[in-house]
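Chemist: First the structure, then my questions, so here it is.
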Ligand SMILES: NC(=O)c1ccc[n+]([C@@H]2O[C@H](COP(=O)([O-])OP(=O)(O)OC[C@H]3O[C@@H](n4cnc5c(N)ncnc54)[C@H](OP(=O)(O)O)[C@@H]3O)[C@@H](O)[C@H]2O)c1
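Numbering (the numbering used here), first residue to last: 128 to 431.
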């Protein structure tokens, strides 16, 4: 497993991981269990030690006995994060991503547990980019609207004791997990064409950097809304070109497209780059360079 060597800058308090079966949730659970081996995780389709069933369609956290077991905070990583699905199934996804999430937050707060909600750069309209932590939200997708609504309403429930972690695109170095860079490398390695938009601009971040930053913010008691992303801003097209170069593959395998050409129910925001101003003020936080990550992932596919 990629995460077991992760040395955290600071130790987070005992934390329940809501959505422990997902891409981010499973990585957080793995790392946090190195510190608190009995911390609780929740999932719908996963069994295991101290994993409890919680469905956001009708959340009930009483059986988890979180306070009794010493939990102080909760990472809310359960959601339906698929942009197309949110557009097509507005009612159902809203029940999970907004109503159920707010109900879960209420239950956590009434048990004295600080909620940490994971939001997205899709709360912005993508017109200007370089959004700071306190920039005004103006989502143009249903997914973004659902995230923005929880961002806005969490304070009514939790008063000042909450944290919103606003992520850009998160990726890992693990071969075959189909996250952002792995997917590009895998297509290129098999001789396929990577379609990459020249006008899709965002702030990616390596998953281990996300975990380290969040653990640090938890240990420091940070509240309110914070952008958690790398200070590097990338075009999807440039990422693909750099991956091809690192793999020694000709750039003709990269098809330069416009985001407008992608057939989609939802018009996607173009420039969702964020400035992690609050995070950058924490001098201990470090960011792995994206070019270095590209080289590592390229090597995953060169050494087969
Ligand atoms: N990954 C990124 O790049 C990124 C970027 C920005 C924001 N985020 C946000 O970060 C969070 C985690 O993202 P991720 O990439 O880890 O997503 P993911 O891999 O799709 O995981 C989503 C989790 O939500 C759970 N879930 C789905 N429907 C549920 C329901 N009705 N009740 C309870 N749990 C449910 C899933 O578990 P089961 O289906 O097993 O129950 C799974 O554990 C999401 O809120 C996402 O919007 C992620």
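From the three backbone atoms N, C-alpha and C, an ideal C-beta is built for every residue, glycine too.
Because the structure is a prediction, the values reported are computed rather than measured.
#1: Please name the residue, chosen from 170, 251 and 222, that lies closest to residue 396 on a Cα-to-Cα basis.
#2: For the alpha helix (DSSP H) that residue 383 lies in, which residues bound it at each end?
#3: Among 229, 136, 262 and 390, which has the Cα closest to the Cα of residue 400?
#4: Report yes or no: do the stretch 306-316 and the stretch 255-271 share at least 3 C-beta pairs separated by less than 8 Å?
#5: When you compare the CB positions of residue 370 and residue 334, do they come within less than 8 Å of one another, or not?
#6: Find out if the Cβ-Cβ distance for the pair residue 412, residue 300 is shorter than 8 Å.
#7: Taking only the alpha-carbon atoms, compute the straight-line gap between residue 208 and residue 270 and give it to the nearest angstrom.
#8: Are the stretch 179-189 and the stretch 218-235 touching by the rule of at least three beta carbon pairs closer than 8 Å?
#9: Along the beta strand (DSSP E) that carries residue 168, what are the first and last residues, could you check?
#10: Quick one: using the 10 Å Cβ neighbour count with 16 as the cut-off for buried, is residue 281 buried or exposed?
#11: Round the Cβ separation of residue 386 and residue 326 to the nearest angstrom and send it over; I've been treating them as touching at under 8 Å.
#12: Rounding to the nearest angstrom, what Cα-Cα distance links residue 427 and residue 410 in this structure?
#13: Distance check for residue 320 and residue 144, CA to CA, integer angstroms please.
#14: For the beta strand (DSSP E) that contains residue 247, what are its first and last residues?
#15: Output yes or no for whether 8 Å exceeds the beta carbon distance between residue 291 and residue 329.
Modeler: Answer, in terms of the structure:
#1: Counting from 1 along the chain shown, the entry for residue 396 is found at position 269. Ranking 170, 251 and 222 by Cα distance to residue 396 puts 251 first.
#2: As a working note, residue 383 is residue 256 in the chain shown. Unbroken run through residue 383 is the beta strand (DSSP E), 381-384; no alpha helix (DSSP H).
#3: By one-based count along the chain shown, residue 400 stands at place 273. If we check each option's Cα against that of residue 400, 262 comes out closest.
#4: no
#5: Numbered from its first residue, the chain shown carries residue 370 at position 243. Numbered from its first residue, the chain shown carries residue 334 at position 207. For residue 370 and residue 334, no; Cβs fall outside 8 Å.
#6: The sequence position of residue 412 within the chain shown is 285, counting from 1. The sequence position of residue 300 within the chain shown is 173, counting from 1. It is not a contact, given that the beta carbons lie outside the stated cut-off.
#7: Start at 1 with the first residue of the chain shown, and residue 208 comes out as number 81. Start at 1 with the first residue of the chain shown, and residue 270 comes out as number 143. Approximately 7 Å between the Cα atoms of the pair.
#8: yes
#9: Residue mapping note: residue 168 aligns to position 41 of the chain shown, counting from 1. 168-170 is the extent of the beta strand (DSSP E) around residue 168.
#10: By 1-based counting over the chain shown, the position of residue 281 is 154. Residue 281 comes out buried.
#11: By one-based count along the chain shown, residue 386 stands at place 259. By one-based count along the chain shown, residue 326 stands at place 199. Contact holds; Cβ gap of about 5 Å.
#12: Locating residue 427 in the chain shown gives position 300, counting from the first residue. Locating residue 410 in the chain shown gives position 283, counting from the first residue. Looking at the two C-alpha atoms, the distance is approximately 31 Å.
#13: For the purposes of this step, residue 144 is taken as the residue at position 17 of the chain shown. For the purposes of this step, residue 320 is taken as the residue at position 193 of the chain shown. Going by the C-alpha atoms only, they are around 37 Å apart.
#14: The count along the chain shown starts at 1 and reaches residue 247 at position 120. 241-247 is the extent of the beta strand (DSSP E) around residue 247.
#15: Here residue 291 refers to the residue found at position 164 when the chain shown is read from its first residue. Here residue 329 refers to the residue found at position 202 when the chain shown is read from its first residue. It is not a contact, given that the beta carbons lie outside the stated cut-off.
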